[in-house]
Amino acid sequence: MRFAVQVSSPLVAIGASQFALSLLQVVFMFFYVKVYLNVFHVSQWWFNVAQALFMVWNAVNDPLFGYLQDSNTGWMRSRTAVLTRFSPFLCGSFVLLWFPWDISGSWLEGLHLICALFLYDAFFSAMGVSWAALFADSTKDARSRAAAMKYSQMAILGSVNGIAIMEKASHSLENFSAFQTGAILMALLALFCLLSAGSYRPTLPISREKDDEERLLNGDDVASSEHETGTWSHAFELTRQTVRQHDFLFIIATNFIHIMRSVAHLNFASITTEILVPQDILPRGSLKLSIFYGFCTLGPQLIIIALEKVVVRVGAGRLLLFSYLVSAIAAICFSFFSGWPYIVMLFMLIDAITVHSAAPLFNIIISDYIDEDTKRYSRRSPISSFVFSLNALFTKPAQSVAPVLIVQLLNAYGYQAYLVDKLSTEALRAAVQYVLYGTPLVLGALQYCVFSRYSLLHKPSKELVI
């Protein structure tokens, strides 16, 4: 049975699916730590256990889904079929996150956190890998990839409003039933967009469709050829080939640090404003607070959309290096004025732009690497899903590392006591400032040192096309 809405352009499919995935993920990343700690009252022990298990699960599911999609002979080899069939499960698991099993801080709510994280991340990983492969397989030069990036950022531009909407509707989580209602409505909207994107044809990777047609014309057995690659030994060989490439290692190291910065910014933006910015400037649940969060989330998307031609001319890699320099220099300069609330807000905006505008550039960089990998090993078709899933294997644990480290740091300076009496101490304020300015300074400088060794930085775009 076909979906009522039929998408004919790969750019529209990329944009629609990006909107849905981003809408769910940005709400998840921004609210889940605060909801489970402050509303569901999960204990510190259960929170750490959940993050540790979540990190292991992240390491397992991404390469599994990536290899299944690139080696499978059935529907899982289709990028859009994965989007269509998994979308109800992803949206259902997203809703499950926000309905507690217990709010007394018992083991039951810790178990709820573990189960909800596992289910949501499994379906999000499968669909995220498929989306990334669709991006790489349907775009083959710098101009088309910049256009696809523009579409995806326009989608994100719309999706990030979910934070401001949820923050305002729930009055900073004080009206949690309104938050739950909003989560259900967002899940339904995401489901519609994913089913629309899944209606795009062709459903197979473009290069793979051509490859299959050529082998059929030559009298080769497509099924037999696919069976030869669908083995564990082949998976290990692909892994060995990929992880031995220095460029791939530079990409994943830089991306790992980027995810740590992104997660830290999303998870702790509300904590930072609450402690460092007085209530008379940004009152809790106010329109001004929602507008500020809107600027922090919309600004990066507006900038990257405006820079489409610059990305084509200068290159995604060089723009990344520039953003790392800006991060480190801004952290040094603004740290001298950390006692001024408006300076804190301005720095948070600059940090949001340098962090979140960099994320879409990684899709172009990894796609360029996939093209080089296909050429280097004379592959019949690109291993897009596999490369993106290996990237996720090494980088997604950063999603768990960042919250644990920062929560431990804040708790050491009295954050748990602050949750009870709402009185911030000088020690707690200093700790929040260390996180705010130290994260972009140290990690931004480290990213610059690592990624400056990436060899494809020095190749013109035309050399990156197969």
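109 is the number of the first residue of the sequence shown in the working numbering; add one for each residue after it. Note that CB positions come from ideal geometry on N, CA and C, so glycine has one too. In this text, all values refer to a predicted model and were calculated from it rather than measured experimentally.
- Query: Between residue 200 and residue 275, what straight-line distance do the alpha-carbon atoms span, to the nearest angstrom?
  - Reply: In the sequence shown, counting from the first residue as 1, residue 200 sits at position 92. In the sequence shown, counting from the first residue as 1, residue 275 sits at position 167. If you take the alpha carbons of residue 200 and residue 275, they lie about 21 Å apart.
- Item | Helix, strand or coil at residue 123 according to DSSP, with G and I counted as helix | For this step, residue 123 is matched to residue 15 along the sequence shown. Of the three classes helix, strand and coil, the one that applies to residue 123 here is helix, per DSSP.
- Item | Same chain, Cβ closer than 7 Å to residue 364, neighbours up to 5 away in sequence not counted | Within the sequence shown, the letter at position 256 stands for residue 364. So the qualifying residues of the chain are 502, 503 and 506.
- Task: Have a look at residue 495 and residue 350 and give me their C-alpha separation to the nearest angstrom.
- Result: What you label residue 495 is simply residue 387 of the sequence shown in a count that begins at 1. What you label residue 350 is simply residue 242 of the sequence shown in a count that begins at 1. The alpha-carbon atoms of residue 495 and residue 350 are separated by roughly 8 Å.
- Message: Could you compute how far the alpha carbon of residue 384 sits from the alpha carbon of residue 170?
- Response: Taking the first residue of the sequence shown as 1, we reach residue 384 at position 276. Taking the first residue of the sequence shown as 1, we reach residue 170 at position 62. Computed Cα separation, rounded: 37 Å.
- Task: In the DSSP assignment, find the alpha helix (DSSP H) that holds residue 475 and state where it starts and stops.
- Result: Looking up residue 475 in the sequence shown gives position 367. From DSSP, the alpha helix (DSSP H) with residue 475 extends over 467-484.
- Over what stretch of residues does the alpha helix (DSSP H) that includes residue 280 continue unbroken? As a first step, residue 280 must be located in the sequence shown, where it is residue number 172. No alpha helix (DSSP H) contains residue 280, which DSSP labels as neither H nor E.
- Message: Just verifying my parser: in three-state terms, what is the DSSP assignment at residue 308?
- Response: As a first step, residue 308 must be located in the sequence shown, where it is residue number 200. In this structure, residue 308 counts as coil in the three-state DSSP scheme.
- Item | Stretch-stretch touch, CB-based, cutoff 8 Å, three pairs: the segment 553-565 with the segment 393-401 | no
- Message: Spatial neighbours of residue 473 within its chain, please: C-beta separation below 7 Å, excluding the five flanking residues on both sides.
- Response: Counted from its first residue, the sequence shown places residue 473 at position 365. The answer, listed in chain order, is 359, 424 and 425.
- Message: My assumption, with CB atoms under 8 Å, is that residue 493 sits in contact with residue 174. Please give the rounded CB distance.
- Response: As a position in the sequence shown, residue 493 is number 385, starting the count at 1. As a position in the sequence shown, residue 174 is number 66, starting the count at 1. The pair is a contact, with the Cβ atoms about 4 Å apart (cut-off 8 Å).
- Message: Give me the residue from 205, 238, 297 and 289 with the minimum Cα distance to residue 128.
- Response: Translated into the one-based positions of the sequence shown, residue 128 becomes position 20. The option with the nearest alpha carbon to residue 128 is 297.
- Query: Would residue 411 count as contacting chain D if we go by Cβ distances under 9 Å?
  - Reply: The question asks about chain D, but that chain is absent: this structure has only one protein chain.
- Over what stretch of residues does the alpha helix (DSSP H) that includes residue 591 continue unbroken? Coverage of the chain is limited to positions 109 through 574, which leaves residue 591 absent and any answer about it impossible.
- Query: Taking Cβ positions, are residue 195 and residue 235 nearer each other than 9 Å?
  - Reply: By 1-based counting over the sequence shown, the position of residue 195 is 87. By 1-based counting over the sequence shown, the position of residue 235 is 127. The answer is yes: Cβ separation under 9 Å.
- Using the Cα positions of residue 534 and residue 380, report the straight-line distance between them to the nearest angstrom. Against the sequence shown, residue 534 aligns to sequence position 426. Against the sequence shown, residue 380 aligns to sequence position 272. Answer to the nearest angstrom: the Cα atoms are 14 Å apart.
- Given residue 204, which residues of its chain have a CB within under 7 Å of its CB, disregarding the five upstream and five downstream residues? Your numbering for residue 204 matches position 96 in the sequence shown. Cβ neighbours of residue 204 beyond the five flanking positions: 224 and 227.
- Identify which residue in 362, 437, 136 and 246 has its Cα closest to the Cα of residue 287. Here residue 287 refers to the residue found at position 179 of the sequence shown. Among 362, 437, 136 and 246, the Cα nearest to that of residue 287 belongs to 136.
- Message: Quick test of your reading: residue 402 and residue 269, contact by CB under 8 Å. State the CB separation rounded to the nearest angstrom.
- Response: Reading the sequence shown from its first residue, position 294 is the one you call residue 402. Reading the sequence shown from its first residue, position 161 is the one you call residue 269. Right, the Cβ-Cβ distance comes to about 7 Å (below 8 Å), so this counts as a contact.
- Query: If you run the structure through DSSP and keep just helix, strand and coil, what is residue 415?
  - Reply: Translated into the one-based positions of the sequence shown, residue 415 becomes position 307. Residue 415 falls in the coil class under three-state DSSP.
- Whether residue 132 touches residue 277 by CB criterion (9 Å): Locating residue 132 in the sequence shown gives position 24, counting from the first residue. Locating residue 277 in the sequence shown gives position 169, counting from the first residue. No, Cβ-Cβ distance for residue 132 and residue 277 is not below 9 Å.
- Cβ pair count under 8 Å reaching 3, the segment 117-126 against the segment 259-273: yes
- Message: Mapping the DSSP letters down to three states, classify residue 118 as helix, strand or coil.
- Response: As a first step, residue 118 is located in the sequence shown; it is residue number 10 there, counting from the start. Note: residue 118 maps to helix in three-state DSSP.
- Message: What would DSSP say about residue 548, mapped onto helix, strand or coil?
- Response: Reading the sequence shown from its first residue, position 440 is the one you call residue 548. It is helical.
- Take residue 305 as the anchor and find which of 243, 357, 280 and 284 has the nearest alpha-carbon. The count along the sequence shown starts at 1 and reaches residue 305 at position 197. It is 243.
- Message: Quick check: the segment 407-422 against the segment 459-467, are at least 3 beta-carbon pairs closer than 8 Å?
- Response: yes
- Message: For a quick check, are the C-beta atoms of residue 176 and residue 184 less than 9 Å apart?
- Response: As a working note, residue 176 is residue 68 in the sequence shown. As a working note, residue 184 is residue 76 in the sequence shown. In this structure, residue 184 lies closer than 9 Å to residue 176 by Cβ.
- First and last residue of the alpha helix (DSSP H) that includes residue 373? Counting from 1 along the sequence shown, the entry for residue 373 is found at position 265. That run of the alpha helix (DSSP H) goes 354-384.
- Item | Cα-Cα separation between residue 453 and residue 156, rounded to whole angstroms | Start at 1 with the first residue of the sequence shown, and residue 453 comes out as number 345. Start at 1 with the first residue of the sequence shown, and residue 156 comes out as number 48. Taking the straight line from one Cα to the other gives about 30 Å.
- What number of angstroms, rounded off, separates the C-alpha of residue 237 from the C-alpha of residue 539? Reading the sequence shown from its first residue, position 129 is the one you call residue 237. Reading the sequence shown from its first residue, position 431 is the one you call residue 539. Roughly 36 Å separates the two Cα atoms.
- Unbroken alpha helix (DSSP H) runs of length 4 or more, entirely within the segment 415-446: which are they? 416-422 and 424-443
- Query: So is the beta-carbon of residue 162 under 8 Å away from any non-hydrogen atom of the ligand PLP?
  - Reply: The ligand PLP is not part of the structure shown, which contains no ligands of any sort.
- Item | DSSP state of residue 229 mapped onto helix, strand, coil | Numbered from its first residue, the sequence shown carries residue 229 at position 121. Helix.
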